[in-house]
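Undergrad: This structure is in structure tokens; I'll ask about it shortly.
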Amino acid sequence: MGRGSKRMSAVAAKAWRVRVDTGICQGHSVCMAEAPEIFEVEDVGEFYPIARVLQARIGEDLIEQARTAERYCPNRAIKVEEIAEDGEIEKPKEEEKP
Ligand code: SF4
């Protein structure tokens, strides 16, 4: 075992927070199809079914599915934000304004 292997094990695992804005969710279920481990869509007796987040904190094993659901949600109701090592949510990079 080389000297570098100890240093590698000290690196903290990355984590992300997943949220759904239930005010704009319309129950399309794209999220559940893309990431069934993270989202469940349930009938709550309102106009539309609503997505519920099953795992609000995810790791690298689920980030691709979460990002796909975020990208293809027709209402843009899903937010996936990286959690920094200090527990704070990473600020998204400024998008260029036209
Ligand atoms: S795809 Fe978006 S709008 Fe549709 S149920 Fe999921 S979070 Fe709600």
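To convert, note that position 6 of the sequence shown is 5 in numbering that gives the first Met the number 0; the numbers rise steadily by one, no gaps.
Just so you know, even glycine gets a beta-carbon here, dropped at the ideal spot from N, CA and C.
These figures come from a predicted structure and were not determined experimentally.
May I ask you to report which of helix, strand or coil DSSP gives R2?
TA: Its pLDDT being 49, under 50, R2 is placed unreliably by the model, and the measurement read from it follows with that caveat. Of the three classes helix, strand and coil, the one that applies to R2 here is coil, per DSSP.
Undergrad: Classify V29 as helix, strand or coil using the three-state DSSP reduction.
TA: The answer is helix: DSSP assigns V29 an H, G or I state.
Undergrad: For I37, name the three-state secondary structure that DSSP assigns.
TA: Three-state DSSP puts I37 in coil, outside helix and strand.
Undergrad: Alpha carbons only, please: which of L53, A83, I82 is nearest the one belonging to C30?
TA: Nearest option by C-alpha distance: L53.
Undergrad: In the structure shown, what three-state DSSP assignment does I62 receive?
TA: Here I62 sits in helix by DSSP.
Undergrad: Can you pull the DSSP bridge partners for K78?
TA: Answer is R18.
Undergrad: Using three-state DSSP, classify A50 as helix, strand or coil.
TA: Three-state result, A50: strand.
Undergrad: For the ligand SF4, I want to know if V40 counts as a neighbour, meaning its beta carbon is within less than 6 angstroms of at least one of the ligand's heavy atoms.
TA: Result yes, Cβ under 6 angstroms from the ligand SF4.
Undergrad: Answer with buried or exposed for A12, where buried requires no fewer than 16 other C-beta atoms within 10 angstroms of its C-beta.
TA: Under this definition A12 is an exposed residue.
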